[in-house]
Amino acid sequence: MKQVGIIGWRGMVGSVLLQRMIEENDFKDISAHFFSTSNSGSLGPVIDGVEFILKDAYAIHALAEMDIIITCQGGDYTKDIYPALLEHGWDGYWIDAASALRMDDRACIILDPVNRAIIDRAVNAGVKLFVGGNCSITLSLMGLAGLIQSNLIEWMSVMTYQSASGAGAQYVRELIAQSYYLSGKLSPDELENSGSVLPLVNKVSALINSEGMPTENFGAPLMGSIIPWIDSDLGDGNSREEWKGEAETNKILGLAERTIPVNGLCVRVGVIRCHSAAITLKLKRDVSESEFQALVTRSHPWVNYVPNNKAASMSQLTPAHISGSLSVGVGRYKKMSLNHEPIYSVLTVGDQLLWGAAEPLRRMLNILLKRI
Numbered sequence: 073m074k075q076v077g078i079i080g081w082r083g084m085v086g087s088v089l090l091q092r093m094i095e096e097n098d099f100k101d102i103s104a105h106f107f108s109t110s111n112s113g114s115l116g117p118v119i120d121g122v123e124f125i126l127k128d129a130y131a132i133h134a135l136a137e138m139d140i141i142i143t144c145q146g147g148d149y150t151k152d153i154y155p156a157l158l159e160h161g162w163d164g165y166w167i168d169a170a171s172a173l174r175m176d177d178r179a180c181i182i183l184d185p186v187n188r189a190i191i192d193r194a195v196n197a198g199v200k201l202f203v204g205g206n207c208s209i210t211l212s213l214m215g216l217a218g219l220i221q222s223n224l225i226e227w228m229s230v231m232t233y234q235s236a237s238g239a240g241a242q243y244v245r246e247l248i249a250q251s252y253y254l255s256g257k258l259s260p261d262e263l264e265n266s267g268s269v270l271p272l273v274n275k276v277s278a279l280i281n282s283e284g285m286p287t288e289n290f291g292a293p294l295m296g297s298i299i300p301w302i303d304s305d306l307g308d309g310n311s312r313e314e315w316k317g318e319a320e321t322n323k324i325l326g327l328a329e330r331t332i333p334v335n336g337l338c339v340r341v342g343v344i345r346c347h348s349a350a351i352t353l354k355l356k357r358d359v360s361e362s363e364f365q366a367l368v369t370r371s372h373p374w375v376n377y378v379p380n381n382k383a384a385s386m387s388q389l390t391p392a393h394i395s396g397s398l399s400v401g402v403g404r405y406k407k408m409s410l411n412h413e414p415i416y417s418v419l420t421v422g423d424q425l426l427w428g429a430a431e432p433l434r435r436m437l438n439i440l441l442k443r444i
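When we follow this note's numbering, the leftmost residue of the sequence shown carries the number 73, and every step to the right adds one.
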């Protein structure tokens, strides 16, 4: 039975990973060990009646005993520990949720079922480093897998609407705190007044921009607003998050750089969980809605096509509907009026914490357990 170390299991992605592993009974096939960066020696999770004592996540000798390590601890931890493990002589498999090593030449970005063939080739070639992809890109690729498999995409413009959970737990708390701050400043009479709504709008606008609004993490109000920049500034008009769109898409698909040009804007919106993306696609030929539906739904079991009408879109193609589900919603598919070229728009919605983060790690673990 393989020794599997799990690090960062208390965080948002790690806790969802743990939940999915329990749901799928993954622990029956491994000897699990839980590591902590701050509470080694304490009681960890209790799974199937077994109490786990936390090990030191900085103890290289303890980590080196693992056949497989899964980490959701973050990029700084990866940068410190992974090289130290290799220097120690460790020859195990490292599965990582953080972005630190995604573009490393040694790494395979994992998104089974979209790139299962590439993952299998990497395992056969002796690759030991497997990294989850950027959440907004992975969710879009999950939705468009059928087009990808049929080699129909010429280029993509991806406009993302990314939830607070993509930034981390403290950001989710801050978004909720912003809502709490606003609601605490309003009276029932102000909300129920049948007169002009303008005084209420003006008061809320002033509160959003007031010093009392919690913005320590985001750096700006998100409740009642958007933040039109995610990640660092590359100095050329692109954010690092936008750069990832092209770089990671092509690496996930095993393509040469810029084989599928990808760009767009990445925007943070006041959603707790689920990323959405409005995608403009240049296809290599015309694809009707019925053919598009067949392509996407036959690609894998976790995509749900939503017909392009108001009722279906409003009820099924929303973060509120999809949150907590493994189903990736795909809809609003239509041809655009651009010189009769095969250019289409589509909207994808998926749970950032599931297919955008935890589920590819869990599936990679199970691939390795069957192959090594």
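Glycine included, each C-beta is placed from N, C-alpha and C at the ideal position.
Helix, strand or coil: which one does DSSP assign to residue i?
i: Asn187; result: coil
i: Val418; result: strand
i: Pro260; result: helix
i: Asp192; result: helix
i: Cys207; result: helix
i: Ala217; result: helix
i: Lys275; result: helix
i: Gly83; result: coil
i: Pro432; result: helix
i: Leu201; result: strand
Go to residue i, then tell me how far its alpha helix (DSSP H) extends in each direction, as first and last residue.
i: Gly147; result: 147-160
i: Thr321; result: 312-324
i: Ile394; result: 391-394
i: Ser348; result: Unbroken run through Ser348 is the beta strand (DSSP E), 347-355; no alpha helix (DSSP H).
In the DSSP assignment, the beta strand (DSSP E) including residue i goes from what residue to what residue?
i: Phe107; result: 102-108
i: Phe124; result: 122-125
i: Ile142; result: 140-143
i: Val402; result: 400-407
Go through its chain and collect everything with a Cβ distance to residue i's Cβ below 6 Å, but skip five positions before and after it.
i: Ile78; result: Phe106, Ile142
i: Val76; result: Ile102, Ala104, Ile140
Looking only at its own chain, which residues have a Cβ that is under 7 Å from the Cβ of residue i, when we skip the five neighbours before and after it?
i: Thr369; result: Val375, Tyr377
i: Met285; result: Gln250, Tyr253, Leu279, Pro293
i: Lys406; result: Asn380, Tyr416, Ser417
What is the rounded straight-line gap between the Cα of residue i and the Cα of residue j?
i: Met93; j: Ile102; result: 11 Å
i: Pro232; j: Leu306; result: Residue 232 is actually Thr in this sequence, not Pro. If I take the Cα positions, the gap works out to 18 Å.
i: Leu254; j: Ile132; result: 47 Å
i: Tyr154; j: Asn289; result: 28 Å
i: Trp427; j: Leu353; result: 22 Å
i: Arg178; j: Ala350; result: 32 Å
i: Trp162; j: Met138; result: 9 Å
i: Gly80; j: Tyr149; result: 10 Å
i: Ala319; j: Asn206; result: 10 Å
i: Asn281; j: Pro271; result: 16 Å
i: Glu95; j: His347; result: 23 Å
When you compare the CB positions of residue i and residue j, do they come within less than 8 Å of one another, or not?
i: Ala169; j: Val88; result: no
i: Asn335; j: Ala328; result: no
i: Gly403; j: Ile394; result: no
i: Lys100; j: Ser112; result: no
For residue i, collect the residues of the same chain with a Cβ closer than 8 Å to its Cβ; drop the 5 residues on either side in sequence, then sort them by chain order.
i: Leu425; result: Met84, Val85, Val88, Ser237, Arg345
i: Ile190; result: Cys180, Ile324, Leu325, Gly326
i: Asp184; result: Ile191, Pro432, Arg435, Met436, Ile439
Within 8 Å (strictly less), CB to CB, does residue i reach chain D?
i: Asp177; result: Among the protein chains of the structure shown there is no chain D, as only one such chain exists.
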